[in-house]
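Everything in the sequence shown is counted per the numbering used here, starting at 11 for the first residue and increasing by one.
Remarks on the structure that follows.
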Amino acid sequence: MKRIGALVCLMIMMVSVLAPASFAANETDSQKTGFAIEQSVPHDKDKGVSVENLSVKIYFNKDVMPANEEVKRANDKQFKLTDKNGKNVPIKVYYSDKEEGLLMVVSNVRSKEARKANSIIQGDMNYTLTIGKNLRAADGSKLGETETISFKTLDQQKSTKVYMILMAVMMVGMVVFTTKSAKKAAEKESQDSGKTQTVNPYKEAKRTGKSVEEIVAKDKQRKAKEAEALAKKKAAEAEIMAELEREAAEEAAPSGKRVSGPRPISAAGSEYKVKVVKTQPEKKPSTNPKNQTGKKKNSKGKK
11 MKRIGALVCL
21 MIMMVSVLAP
31 ASFAANETDS
41 QKTGFAIEQS
51 VPHDKDKGVS
61 VENLSVKIYF
71 NKDVMPANEE
81 VKRANDKQFK
91 LTDKNGKNVP
101 IKVYYSDKEE
111 GLLMVVSNVR
121 SKEARKANSI
131 IQGDMNYTLT
141 IGKNLRAADG
151 SKLGETETIS
161 FKTLDQQKST
171 KVYMILMAVM
181 MVGMVVFTTK
191 SAKKAAEKES
201 QDSGKTQTVN
211 PYKEAKRTGK
221 SVEEIVAKDK
231 QRKAKEAEAL
241 AKKKAAEAEI
251 MAELEREAAE
261 EAAPSGKRVS
271 GPRPISAAGS
281 EYKVKVVKTQ
291 PEKKPSTNPK
301 NQTGKKKNSK
311 GKK
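Below, the structure written as structure tokens:
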């Protein structure tokens, strides 16, 4: 029993000693340094990336602003952009002083070197951005392992064709819609005016490829519908006119009762008496009216 206990204790001690070493061996270099890429725009394996001003934004978990020009030149050499054939594309690296941990790799195909090498960004092409393991953060820690971001550019010819097809479909749709709207407006106008639209069955048969009998039957159905709609419209108009005439007659009729003559208040059962008090003496007619002279004045005085 003592030997078994000793062996068990020995095994536990060996596991406790060797376990940290095994975990450390499984850790990546970036986990050791704590410097790593958090995300990128475009993401790895993205498609349809714009060809114009091709650039890649990379967000790190640490500040990557170089401490001096020497560190900047060393970091710039850790970035490389290549196409699917392995051809290098000239680039420039820009560091953000406003957002910590952000830098941007931009294609520089307008430079003199790119023009001499006839280097251009092509559509429908796979590109790979490689970030070297010796890239340093502001605190001096290294990336520790090489990272790659792959993406595919947009096929501009294909997108242009799709755009043109969509434009053609829209134009055809607008023409069809306008034609139908004009036809409906003409039919409505003919219905309002009470005129029936005449159809030449032979021309219509030649245009549509249908039989004359079918076109004549369809025309009869259309005329019957138009006549029914016109009859309903006239009935509604007649009903509205009758309602208006009835309202006008009601407004013209007397609304109150006539009174035969004045009646005293006592006739209604009231005992209230009104006392009339004269406040001014009754004036006698003047014998000398104003603005009158001679015989006319005297004759009025006599009267």
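Heads up, the beta-carbon is just placed ideally off N, CA and C, and yes, glycines get one too.
Run of the beta strand (DSSP E) containing residue i, from where it starts to where it stops
{"i": "I131", "result": "Careful: I131 lies outside any beta strand (DSSP E) and carries neither H nor E."}
{"i": "D56", "result": "56-59"}
{"i": "P79", "result": "The sequence given here has Glu at residue 79, not Pro. From DSSP, E79 is part of no beta strand (DSSP E) but of the alpha helix (DSSP H) over 79-86."}
{"i": "N136", "result": "136-141"}
{"i": "K162", "result": "157-163"}
{"i": "E48", "result": "47-51"}
{"i": "K67", "result": "65-70"}
Range of the contiguous alpha helix (DSSP H) that encloses residue i
{"i": "D93", "result": "Where D93 is concerned, there is no enclosing alpha helix (DSSP H), although the beta strand (DSSP E) it sits in stretches over 89-93."}
Residue i - DSSP class collapsed to helix/strand/coil
{"i": "S221", "result": "coil"}
{"i": "N36", "result": "Summary for N36: the model assigns pLDDT 46, below 50, so the residue's position carries little reliability; its value from the coordinates is reported in the next sentence. Looking at N36 - three-state DSSP - the assignment turns out to be helix."}
{"i": "F187", "result": "helix"}
{"i": "L113", "result": "strand"}
Alpha-carbon spacing of residue i relative to residue j, whole angstroms
{"i": "T140", "j": "K90", "result": "5 Å"}
{"i": "K198", "j": "Q231", "result": "16 Å"}
{"i": "K243", "j": "E260", "result": "26 Å"}
{"i": "N98", "j": "K190", "result": "58 Å"}
{"i": "Y212", "j": "E236", "result": "22 Å"}
{"i": "L240", "j": "E249", "result": "14 Å"}
{"i": "I130", "j": "R120", "result": "9 Å"}
{"i": "A10", "j": "K57", "result": "With the chain running from 11 to 313 in the structure shown, residue 10 is simply not present."}
{"i": "Y173", "j": "K143", "result": "43 Å"}
Beta carbon of residue i nearer than 9 Å to that of residue j
{"i": "V66", "j": "V51", "result": "yes"}
{"i": "V59", "j": "F187", "result": "no"}
{"i": "M135", "j": "K94", "result": "yes"}
Cβ shell of residue i (< 8 Å), same chain only, five flanking positions each side left out
{"i": "G111", "result": "E48, Y69, F70, N71, K72, D73, V74"}
Neighbourhood of residue i by C-beta, 6 Å cutoff - its chain only, sequence neighbours within 5 removed
{"i": "T138", "result": "T92, T158, S160"}
{"i": "A147", "result": "F45, K72, V74"}
{"i": "D165", "result": "G133, D134"}
{"i": "E214", "result": "I225"}
Cβ-based neighbour list, residue i, same chain, cut-off 7 Å, excluding 5 preceding and 5 following
{"i": "D54", "result": "I159, S160"}
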